[in-house]
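What follows is a single structure, written as structure tokens, with notes after it.
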Amino acid sequence: MKINPLLQALSSLAVATSLLGCVADRPYRQPVSALHVPPEPGKPSPSASLPVGNPCTEDRYTMTPKSNGQGRPIKNSSRPCIAYVEFNDQGKQSVPGQLNQATALIRKAIHDDPQHQPVILTFIHGWKHNASPGPPEDSNIQGFEHVLNYLYDTAYGGSDCTDATGPCTPIAGHLVVGIYIGWRGEIISHEWPVTRTLSLYSRGEAATRVGQGDDLEKALRQISNTAHPSETTNSPTQPMLVLVGHSFGARVLENAMNKLYLPFFEEKKSNQTQVPTFFADLIIYVNSAASADVAVPMLDYLARERLEFREDLPNLPPGNGLGRERPLMLSITTPADAATGVLFPIAMGGEAILKKVSGSLGGQQAISCYHPATQTISKNTSKSQFAFHASTAAHMDLIQSHEVIDLGMPPAAGMVSNCPAPGSPDSYSYGIPSRCFLIEPKKPLAGEEDRCNNTPYWILNTDGNIIPDHGTIFTNRLIRFIGEFLPTATATQISVPRLATKQQTRARQLQLH
Amino acid sequence: MLRRACHFSSAKVCLFALAGMTLLSQAQQPAKSFLPESPGAQAIAQAVPPPSNVGNSEIQFNCPGSFPSDLTLLNCRYTGRQRLDQFLTTGVTDEAMAQSIFGSIFTQYATHSPGEWPQDWTHYGYRVGTSYAGSVGRASAELIVGFILHDDPRHIKCSDDPQLFGARSSSDTPFACTKRQRFFHALLDSITVRPSSPGEIVHLQPGGPQFDEKSFRHSYRRLPALDRLVGVYAAGYAQYPWQPRSANTFGAISQRAALSFGTTFLGSFYTEYGSAIFSKRKKKPQPPPSRAGSSRSTP
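Sequence lines, in order, name chains P and A.
Heads up: the first sequence is residues 68 to 580, going by our numbering.
Heads up: the second sequence is residues 228 to 526, going by our numbering.
Given below as structure tokens:
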């Protein structure tokens, strides 16, 4: 068959130019550039990366005058810093020195923070992202920088006006540190959108490999050990460590947590006491692109062990663990996320059909459900393995733990803090300027007496006014929403919730009464 | 153009061809609405009192089509880099190639145009080649004209259109649109663009002394989409050297230009209605009876 020369030329052009779209498999942040000071809001970036010896690692912040801020570090003198830890396609750490730099950064922040309680935010990006400094810098890094700056400026800075009689005083607040975990989420550049899309399955597999790899486990363990050293486990104050994974990054994180956390719980169980988790204060999966079956081992374990996670009740000795229930892990999504809500089931459904045909997937998925009222555990087999594989956890009714109820009313007097109070101590309220929401334990599904998920692994489907789509996650609204579930923090203290079995809590409550 | 196409959603849309290339090329603007936002709200430090401006009735206008409180938005301008990305993705790289390859099957077997070309491999090659040349021509023309006119060709939803600010308001958006308005807005949005000059994020306070609704609307005024008009004709004329004589008359080129405009038209309607089509419907739980108390509880 004779091929048209024009077609031949076009094919050659297509192949040649397609190669230009490939993204190299290499680390982007060598040790000397692994630390980075995000630009201040509204100001241009001084440079993509700064060498070692920058304010992230040097003691350069100055103290406020005694009369103005009681000798706290001056704002802007120690802006948030980011350390990068990168992994290759096989899940191996790309540059070993990066992890040491990250832990050194955390140690320095703990040392420098006036209360030794910095906020350490660890982020794992998703598909089509990496740790590239650009230009332009990867958009997830830019978003992460904005979040760190926002946390520093609004949550941990500002003015303390509690003293109604005197003038407001500046609060230096806690230091903020970011750890950006990079992996090869992008193999085709954005100029090649169709080819890039075809990398879906390949990147999904890579995310699973990185998540199940020993190097990520080691890195997260080291970050946790540095942030929450064992000598501070009984301290009511410790740094706040939050781990966040987005999309395929959540798949990375969830796989890593299955590997890390289950032995950790076993270790803690042997102590037979209420202990702070001190692994991380909150683990968040935002718009996770992991199949619901990845969540099953963790949910099963937490249900079987009847674990719960509670804050201290004020006015009682620290460590009482009798306050409000908090999540240990939080998986959130939105009905407006078409990627994981509509398209994920199609993509994974195709894969699930192949697995079903090959015989590796079939039958019903059993999941343990704990019922606190009767203190019994039941096995729910109402959903098939196919359904668990073809849906994400947050989009699956059966394992959702909470629901976000739109009260359909604007906050009183326009104040977001004036939304109606939640009716029970374990409910939350949340407001945006045009809406009030209640976050309540999910009502049982039709035909059920109780919700299945009563564990500290909270799974909820939020609202399009909180998360508008799959990718828009670096927003004030989402940070505030997540902030509702974090341990209560003041300018001087972050309270540490306690992990215990429900029986332990009940016994303590009875003791108290 | 595909600023947002890096995200999961648009990519999967493309993969499963749920809405073809139009979806992909329109996915750069997420479905968002303008909602009032309090800029200085508390994040984690719940016990630290909020700044004095928390919870006021200020409307934070980010950019047309953006989500309120998006921290990553510092500027609304349609930048040169975005324009170049649009040129590359829609006119040069694999999206254009795929459109040419699959579109040519349609023109070869369904419409059989041009009629002088038989339905064989050689002329399929010609069809692919001319179609690709058309894509490059259109994208190049839009790049050049758009660059000269400094326009912003991104589609926006009716409820995001600053032109409708203050026209009608509801509890959740000051830009609320009726069904009829939405339809005509999608129609209008396909033939008009906006100036890209209003770069800075505007913080609106309706009725406030510093807010001038008229000048605000003017800064986002509609302009005729000259770049699209020139672009679709450029696509027609870019095929001139290869097309048979009968297909190179002004009438035939206008016909191809109209067909080429169809993708823009579909894109505008996808922007208006796409988020509703592809969002999973949430079962609305019954709100509990209103409770007394006006403050957030913090146990």
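Each residue gets a CB set at the ideal place from its N, CA and C atoms; glycine is no exception.
Since the structure is predicted, the reported quantities are computational estimates derived from the model, not experimental observations.
Rounded distance between the beta-carbons of residue j and residue i, thought under 8 Å
i                 : j                 : result
GLU375 of chain P : THR572 of chain P : 6 Å
GLU470 of chain P : LYS509 of chain P : 5 Å
GLY318 of chain A : VAL363 of chain A : 5 Å
ALA359 of chain P : THR522 of chain P : Between THR522 of chain P and ALA359 of chain P the Cβ distance is about 14 Å, and since that is not below 8 Å, they are no contact.
ILE149 of chain P : GLY245 of chain P : 4 Å
ILE534 of chain P : ASP404 of chain P : 7 Å
GLN432 of chain P : THR448 of chain P : 7 Å
THR419 of chain A : ALA452 of chain A : 6 Å
TYR95 of chain P  : SER199 of chain P : 5 Å
GLU153 of chain P : GLY249 of chain P : 4 Å
As assigned by DSSP and simplified to three states, the class of residue i
i                 : result
TYR305 of chain A : coil
CYS89 of chain P  : strand
PRO113 of chain P : Caution applies to PRO113 of chain P, whose pLDDT of 42 falls short of 50 and renders its modelled position unreliable; the model cannot decide the point.
HIS469 of chain P : strand
GLY390 of chain P : coil
ARG377 of chain P : strand
HIS445 of chain A : helix
MET476 of chain P : coil
VAL361 of chain P : helix
PRO489 of chain P : coil
THR262 of chain P : helix
LEU298 of chain A : coil
ALA457 of chain P : coil
THR539 of chain P : coil
ALA419 of chain P : helix
CYS148 of chain P : strand
ALA366 of chain A : helix
ALA440 of chain P : coil
ALA567 of chain P : strand
CYS385 of chain A : helix
LYS175 of chain P : helix
For residue i, the residue or residues it bridges with in DSSP
i                 : result
HIS462 of chain P : Per DSSP, none; premise fails for HIS462 of chain P.
GLU516 of chain P : For GLU516 of chain P, which the question treats as bridged, DSSP gives no partner whatsoever.
ARG502 of chain P : P:ILE499
CYS447 of chain P : For the record, residue 447 of chain P in the displayed sequence is Asn; it is not Cys. Paired residue(s): P:ILE434.
GLY249 of chain P : P:GLU153
ASP379 of chain A : A:ARG421
LEU397 of chain P : P:ILE351 and P:TRP525
ARG190 of chain P : As written in the sequence, residue 190 of chain P is Phe, which differs from the Arg given in the question. Looking at the DSSP assignment, PHE190 of chain P forms a beta bridge with P:TYR247 and P:VAL311.
GLU507 of chain P : P:GLU470
ILE255 of chain P : P:CYS89
GLN160 of chain P : P:PHE154
LEU450 of chain A : A:VAL420
Interface flag, residue i vs chain A, CB-CB below 8 Å
i                 : result
GLU258 of chain P : yes
PHE541 of chain P : yes
ARG544 of chain P : yes
GLN432 of chain P : no
ALA115 of chain P : Its pLDDT being 39, under 50, ALA115 of chain P is placed unreliably by the model, and the measurement read from it follows with that caveat. ALA115 of chain P does not count as touching chain A.
TYR217 of chain P : yes
GLN209 of chain P : yes
THR262 of chain P : yes
HIS213 of chain P : yes
ALA461 of chain P : no
ARG573 of chain P : no
GLY136 of chain P : Residue placement at GLY136 of chain P cannot be trusted, given a pLDDT of 44 that sits under 50; what the coordinates show is reported in the next sentence. Not closer than 8 Å to any Cβ of chain A, the Cβ of GLY136 of chain P fails to qualify, so no.
ALA419 of chain P : no
is_contact[residue i, chain P] using C-beta, thresh 8 Å
i                 : result
THR320 of chain A : yes
THR498 of chain A : no
LEU453 of chain A : no
PHE294 of chain A : yes
SER386 of chain A : no
Segment contact, 8 Å Cβ cut-off, at least three pairs: the region 462 to 473 of chain A with the region 375 to 392 of chain A: Contact between the region 462 to 473 of chain A and the region 375 to 392 of chain A is absent, because fewer than three Cβ pairs lie under 8 Å.
Validate contact between the region 293 to 301 of chain A and the region 538 to 550 of chain P using beta carbons, cut 8 Å, 3 pairs: Yes: the two stretches touch, three or more of their Cβ pairs being nearer than 8 Å.
Sufficient close CB pairs (3 or more, under 8 Å) joining the region 417 to 429 of chain P to the region 301 to 321 of chain P: Too few Cβ pairs lie closer than 8 Å, so no.
Cβ pair count under 8 Å reaching 3, the region 305 to 318 of chain P against the region 269 to 279 of chain P: A contact exists between the region 305 to 318 of chain P and the region 269 to 279 of chain P.
Where the region 321 to 335 of chain A meets chain C: residues whose CB sits under 7 Å from a CB there: Annotation note: the requested chain C is absent from the structure, which comprises protein chains P and A.
Three-pair Cβ contact test at 8 Å for the region 431 to 446 of chain P versus the region 400 to 419 of chain P: Fewer than three pairs of CB atoms, one per stretch, sit closer than 8 Å, so the region 431 to 446 of chain P makes no contact with the region 400 to 419 of chain P.
Stretch-stretch touch, CB-based, cutoff 8 Å, three pairs: the region 486 to 497 of chain A with the region 345 to 357 of chain A: Fewer than three Cβ pairs drawn from the region 486 to 497 of chain A and the region 345 to 357 of chain A lie within less than 8 Å of each other, which leaves the two stretches out of contact.
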